[in-house]
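Chains as they are written, first to last, in this note's numbering: chain D, 202 to 1191; chain A, 2 to 216.
Shown next, in the form of structure tokens:
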């Protein structure tokens, strides 16, 4: 399946394709689409032969008959002495506000709990960086809490030890003036931890605290330092910008682990009315790896990551931003780059204060500084700068390098590693494991038994986010309290507790430390303020810092740029990227994330060395060929995946895979890119040698899934340029001819009451996967594993389809989320022999699991392939603990049962019952939000009553660009799409 | 060759066949009957850890159902009360009764009293007490005259047929909302008439589609 040599494609007109195999129309692809349920798909795979299974079944039938005679005794165990919370109702959900931070990006969260166990994470609507939305990673954190592989024991030298042993070791520490004391933490965004740090550095004047993140915001600060002479955070005002130029900044996905950027950017991307058409922004992207930002860009220019600096310089020069800079034009008028540059310059100038240029965290300080200069020259009103609220002077690779040097030289006697995995994530040339072995006492606080816990002298289990007290402040200073919903299940501790314990010898609970810190900040009724901060999820009293006015010191910048300039790139470049699933490896043991397909490559359960089609052809490589990447004395092996639109002579690889010491989910999944990541080539490095090893690995993708033969050349995902749409608003409708077809069955009438429907706006949808994970969390969808995905058995109720169009070197991308369409004339219903799927009077295509006998006729007859069959008892083999994450409002499905999107019927019914309790029949518009809609940062999904002409969904469906997929079949889908509007620059399309 | 079996053995064979056939029919019928919810579930009366009498508390003393099952109006579950609810009275009344020992134990130790569940629906059924109470369906419709039971048993089959019967025709089981916990309510006229008026007034339209109960 799908492992073939690329043939030169033959493309005429705008043709959509999902993968290179489809574009080349190979036999393998055709075989694959013809076999909807791939060969042997019904074989049992769990080691039992059919015969054994039949025997067991016979026996269990017999037992079932006997067991039915005696009803099993079940107990009801009420509380003994009532509960603390007066408004607690057994079985009803309860919500708590908390906050999380990844590498300095802070997002407020709202956690739903059922009888004390957290079951779902959503964004906190009151938090300025969330407004109710959450990313895929943030939502999957809840599964991480029930991870049975989490660290539960104190380890000494990698072997099980006890808390008293650790306590006596802590008591024995002699820290003196702190000359041998070092702390190594991730990005500190907690005000309490920061205040502890200040106190410690005062108490132990010679101690040092180093911050290191494998993926950090250091270049942003360093860039501002270069441009303005002081480290500053950059705050792009996405919603104010009309023209956005992204220089290797995947702000819609990987480079922004917060929904905030998409939230703000999509404000200028949503089209609710005619006027919005003129307000729509235009996005240019310059990048190497095909990112989601590139996919959503109106124009994209591919180039190696190291060439972006030259592009930024040329852009600054063309705008006349700095005297002495000249455009290095390496091509004639036909040159794509020159043409792109000229168009960008013209567009930026025209936009003036509404222009915004951004540089990614991968790009060096010089590019970030150049971008600051460009924005200043343009007079952009779309960017502000603030001083860090929390000191960042000892952060980044240089700080880590110094620390590793001190450790190797034996100058460090006590090292406290706070929640990180530096043995895995530190650059290879620092030889961190060797350096760590020279430290007399190293104490590692970590959530799992990982590479670092095995190498450190002590390992302490860390409490999960949902078990710990803490706080986080956004880069503007808006603080939130992190509150737990549950006692630490494995007795884990928090960084705040460990820091306090190690430096004072006394153990204080982090609740007390955090509370006393904040009570000191509050004025007036302090207890009341504390309770309000906990309830709201934002501390009202926390000061957000005002943006400061700064100007670029061009002379100093010119000198700095001169020093930073590098020779033009040569050889193969390797770029290191965050993983959409594991981030930097810390979420490697999370099944929901491992199984959420990468938004572009659709790769699951692993990473791959992404290369361009040209490089693949030159090197005679195909998907799954294992290559070696060598540079000096660093080397790694990884499977290759051909990525259309990737820069030539460059390889992109996600960090966070190839974990050797990890739980059962993440162990040995993918390949470890940290092996070739060095301090001199931290984000991208030149001069790699690429060689085929002759070995192969099968990569699992969900890419070609669901493509039925009948869908060829049908306009499923539709798009149109704004200008064309203005000229002919009917252009979307005209893409397919919808004959008037009448069902042979009597049709339902849906003119009464609530009639549920959904509209998905492909213009604002970025394809970020937040909805996919939201659906998994809400609807208890199982994780099936790589092997099952390869057999086409993934169970996600929303499939994020990604179509390429155009040239394989510079394809355009359209993302389309596909839930169940809830067809009015549903083809699945009339083929079900047992009426397990039937229609509700509100237009839902109901699915009764307890009735389903598993004929799979419905899935065969579904034109959208949104029905998923439980080929195995996926939930049965899950550790018991994982079962606690299930949403009790949704049945957990067993083997042999079909399932699909229900429009979150549990939420609909719950709201209807609530309305009845309140004595009303009407449901307000927006009162019911499906899980996917609730979390969508782009507000692309709108659900509601289409029978109410004033509802948002009804209004959206009135737009001319609204279309139903495969409407020509006469199935009348309730879910419709709003065609993607692109905003191309006429100068580049001509 | 001599005939081993006499001619009459044919009859034996026929009789044996008939007996086996009838036996099979009876077995299937018996299995179906005895595993039918009306038979297997109705009358279920397990022994409770404390011989709590609903007849005494709800019947003779006249405690409202809501005093103990306090979540019924607000939540899906009708919660069994916390031990502290029992102790509201039993710190004063019968405070030394040996039968109340498990309750006092629970109150002292914090461990719950292990009451045995009687009314149980399958996991794939999502019944909501608050929805039914706000519609005006009395406890008695599903649970029977609890106020007359010394030890509670399951009165009704609680099977899908029973649910659907009422969902298709709710009028006989609907009464004014303030009377839902009044188990001994005697209507002054035909209850169906009263119910039909309330159904019309509240626009009650109970679901009969799958997702109304199965999610």
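Virtual Cβ for every residue (Gly too), placed ideally from N, Cα, C.
Just to make sure I have the definition right: I need the residues of chain D whose C-beta is within less than 9 angstroms of the C-beta of residue i. Which are they?
i              : result
residue 181(A) : Residues of chain D passing the Cβ test: none, with the nearest at roughly 13 angstroms.
residue 113(A) : 276, 277, 278, 279, 280, 281
residue 108(A) : 281, 282
residue 153(A) : Within chain D, no residue comes near residue 153(A); the closest Cβ sits about 12 angstroms away, beyond 9 angstroms.
residue 31(A)  : Neighbours of residue 31(A) on chain D: none; closest Cβ ~12 angstroms, over 9 angstroms.
residue 129(A) : 1110, 1111, 1114
Under 8 angstroms, Cβ to Cβ, is there at least one residue of chain D near residue i?
i              : result
residue 143(A) : no
residue 212(A) : yes
residue 204(A) : yes
residue 93(A)  : no
residue 54(A)  : no
residue 61(A)  : no
residue 160(A) : no
residue 45(A)  : yes
residue 116(A) : yes
residue 84(A)  : yes
residue 132(A) : yes
Is the CB of residue i under 8 angstroms away from at least one CB in chain A?
i               : result
residue 520(D)  : no
residue 826(D)  : no
residue 193(D)  : Summary: the structure shown does not reach residue 193(D), with chain D confined to residues 202 through 1191, and so no result is reported for it.
residue 1096(D) : no
residue 1035(D) : no
residue 1107(D) : yes
residue 318(D)  : no
residue 263(D)  : Confidence is the limiting factor: at residue 263(D) the pLDDT is only 46, short of 50, which leaves the residue's position unreliable and the question unanswerable from this model.
residue 614(D)  : no
residue 1103(D) : yes
Tell me whether residue i sits in a helix, a strand or coil according to DSSP, three-state version.
i               : result
residue 1070(D) : strand
residue 147(A)  : helix
residue 962(D)  : strand
residue 419(D)  : helix
residue 662(D)  : strand
residue 7(A)    : coil
residue 736(D)  : helix
residue 391(D)  : coil
residue 73(A)   : coil
residue 1107(D) : helix
residue 322(D)  : strand
residue 1036(D) : coil
residue 185(A)  : coil
residue 524(D)  : coil
Quick one: which chain A residues come within Cβ less than 9 angstroms of residue i?
i              : result
residue 999(D) : Going along chain A, no residue has its Cβ under 9 angstroms from residue 999(D), so there is no contact; the nearest lies around 18 angstroms.
residue 292(D) : 72, 76, 77, 78, 80
Given that residue i touches chain A, what residues does it touch there, using C-beta distances under 8 angstroms?
i               : result
residue 1051(D) : 123, 125, 215
Identify the contact partners of residue i in chain A, using a Cβ-Cβ distance below 7 angstroms as the criterion.
i               : result
residue 1129(D) : Neighbours of residue 1129(D) on chain A: none; closest Cβ ~13 angstroms, over 7 angstroms.
residue 1232(D) : Absent from the structure is residue 1232(D), since the part of chain D shown begins at 202 and ends at 1191.
Going along chain D, which residues have a C-beta under 7 angstroms from residue i?
i              : result
residue 201(A) : Per Cβ cutoff of 7 angstroms: no residues; residue 201(A) is ~13 angstroms from chain D at best.
residue 135(A) : 1117, 1118
Exercise for the section: Specify whether the stretch 348 to 362 of chain D and the stretch 873 to 881 of chain D touch according to this definition: at least 3 beta carbon pairs, one from each stretch, less than 8 angstroms apart. Expected result: At 8 angstroms Cβ cutoff, the stretches do not touch.
Problem - the stretch 1082 to 1091 of chain D in contact with the stretch 995 to 1009 of chain D per 3-pair CB rule at 8 angstroms - result: When C-beta atoms of the stretch 1082 to 1091 of chain D are compared with those of the stretch 995 to 1009 of chain D, fewer than three pairs fall below 8 angstroms, so the two segments do not count as touching.
Exercise for the section: Could you tell me whether the stretch 1031 to 1042 of chain D touches the stretch 1057 to 1069 of chain D, where touching means 3 or more Cβ pairs closer than 8 angstroms? Expected result: Segments in contact, yes.
Exercise for the section: Would you be able to state if there are at least three C-beta pairs under 8 angstroms between the stretch 729 to 748 of chain D and the stretch 412 to 432 of chain D? Expected result: They do not touch, by the three-pair rule.
Exercise for the section: For the stretch 625 to 641 of chain D and the stretch 347 to 355 of chain D, state whether three or more C-beta atom pairs, one from each stretch, are separated by less than 8 angstroms. Expected result: Using a C-beta cut-off of 8 angstroms, the stretch 625 to 641 of chain D makes no contact with the stretch 347 to 355 of chain D, since fewer than three inter-stretch Cβ pairs fall below that distance.
Handout entry: Three CB pairs or more closer than 8 angstroms across the stretch 810 to 820 of chain D and the stretch 447 to 464 of chain D
Key = Of all C-beta pairs linking the stretch 810 to 820 of chain D to the stretch 447 to 464 of chain D, fewer than three are shorter than 8 angstroms, placing the two stretches out of contact.
Practice task
With 8 angstroms as the limit, tell me which residues of the stretch 1068 to 1089 of chain D have their beta carbon closer than that to any beta carbon of chain A; keep them in chain order.
Solution key: Against chain A - using a Cβ distance shorter than 8 angstroms - the stretch 1068 to 1089 of chain D contributes no residues.
Exercise for the section: State whether the stretch 332 to 350 of chain D contacts the stretch 974 to 982 of chain D, with contact taken as three or more CB pairs (one from each stretch) at a distance under 8 angstroms. Expected result: When C-beta atoms of the stretch 332 to 350 of chain D are compared with those of the stretch 974 to 982 of chain D, three or more pairs fall below 8 angstroms, so the two segments count as touching.
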